[in-house]
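S.K.: In our numbering, the protein residues as written are 64 to 279. Pasting in a structure now, in structure tokens, and then I'll have a few things to ask.
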Amino acid sequence: MKLFLDTANLDDIRAAAKLGVIHGVTTNPTLISREKGDFAAIIREITSLVDGPVFAEVLAQDAEGMIREGRELAGLDFSVCVKIPMTAEGLTAVSALSKEGIRVCCTLVFSAAQALLAANAGARYVAPFIGRFDDIGYDGIEAVASIVDVLADGDFETEVVAASVRSPLHAVEAAKAGAGIATVPPKALFQMIHHPLTDAGLARFMKDWAESGKEL
Ligand code: E4P
């Protein structure tokens, strides 16, 4: 399973990109609203920092507006993938933009039925939200597994991007559920690096080496 970073913060993207483990970045209107600068400038800057798709979401609620905004966003850089919410108007926009060859991610997906619709409309990606589903007492990972399952049976090229990932465990469970990609916020990504036994093991190696008096 590939990892994307779920943020619009340029410092966090730079820090994560340095690790060499990030294959794309996802943003949403909330994440963009937290950063300084205008939408297009932020997206352009992100595209210069990562190799891989950069997801930018439309703000219009009607299909015509989504299509117009989607074309504008896709025009910012070849790596931009347009995020469209899972609504009836959204499906019309997913279908129209996909037919134009624009990569679209259908976002705010919570069920296999919604994922099937998005895939049939031509979405390149579907993004089920794990954490937000857990928040209301459902099982977000189970939803991912069910979406992976139904899409595997069709002749779709739609990839599952597990979103609303809140912890390293969510990322691991999403991989086990068969998601091709998980988009992880910076905090969870950096948590994934650490393990107390790694830290203890490294400290022991350094201590033993120092006590031996040997040189490299
Ligand atoms: C998806 O691309 C969204 O940006 C994101 O994963 C939402 O996560 P949240 O539920 O933690 O806000």
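C-beta: ideal position from N, C-alpha, C; glycine also. Everything numeric in this text was worked out from a predicted model, so none of it was measured.
Bridge partners for Ala119 per DSSP, in chain order?
M.R.: Answer by DSSP bridge pairing, in chain order: Val145.
S.K.: If we count the other Cβ atoms within 10 Å of its Cβ and call it buried at 16 or more, is Ser161 buried or exposed?
M.R.: Burial call: buried.
S.K.: Closer than 7 Å by C-beta to Ala119: which residues in its own chain qualify, once you throw out the five before and the five after it? Chain order, please.
M.R.: Taken in chain order, the residues that qualify are Thr90, Ile106, Leu136, Val143, Val145, Lys146.
S.K.: Less than 8 Å between the C-beta atoms of Ala313 and Met64, yes or no?
M.R.: Only positions 64 to 279 of the chain appear in this structure, which leaves residue 313 out of reach.
S.K.: DSSP puts Tyr188 in a beta bridge; with which residues?
M.R.: In DSSP, Tyr188 forms a bridge with Cys168, Glu222.
S.K.: Would you please state the rounded distance, in angstroms, between the beta carbons of Val189 and Ile210? I believe it to be under 8 Å.
M.R.: So it is a contact: roughly 7 Å between Cβ atoms.
S.K.: Using a Cβ-Cβ cutoff of less than 8 Å, which residues in the same chain neighbour Val228 once the five nearest sequence positions on both sides are dropped?
M.R.: If we look at Val228 and ignore the five residues flanking it on each side, its Cβ neighbours are Asp69, Ile193, Gly194, Ala234, Ala237, Ala245, Thr246, Val247, Pro248, Ala251.
S.K.: Is Val88 closer than 8 Å to Phe280 when the C-beta atoms are compared?
M.R.: Only positions 64 to 279 of the chain appear in the structure, and residue 280 is not among them; the question remains open.
S.K.: DSSP has Lys65 in a bridge; who is on the other side?
M.R.: Paired residues: Ile244.
S.K.: On a CA-only basis, which of Asp198, Leu214, His257 is nearest Pro231? Give me that one, please.
M.R.: When only C-alpha atoms are compared, the closest one is His257.
S.K.: Measure the alpha-carbon distance for Val223 versus Glu108 and round it to whole angstroms.
M.R.: Whole-angstrom Cα-Cα distance: 25 Å.
S.K.: With Glu236 as the anchor, note down where its alpha helix (DSSP H) starts and where it stops.
M.R.: Start and end: 231-239.
S.K.: With 16 other CB atoms within 10 Å as the buried threshold, where does Glu132 fall?
M.R.: It counts as buried.
S.K.: If we ignore side chains and look at the alpha-carbon of each, how far apart do Glu205 and Asn183 end up?
M.R.: Rounded to whole angstroms, Glu205 to Asn183 spans 22 Å at the Cα level.
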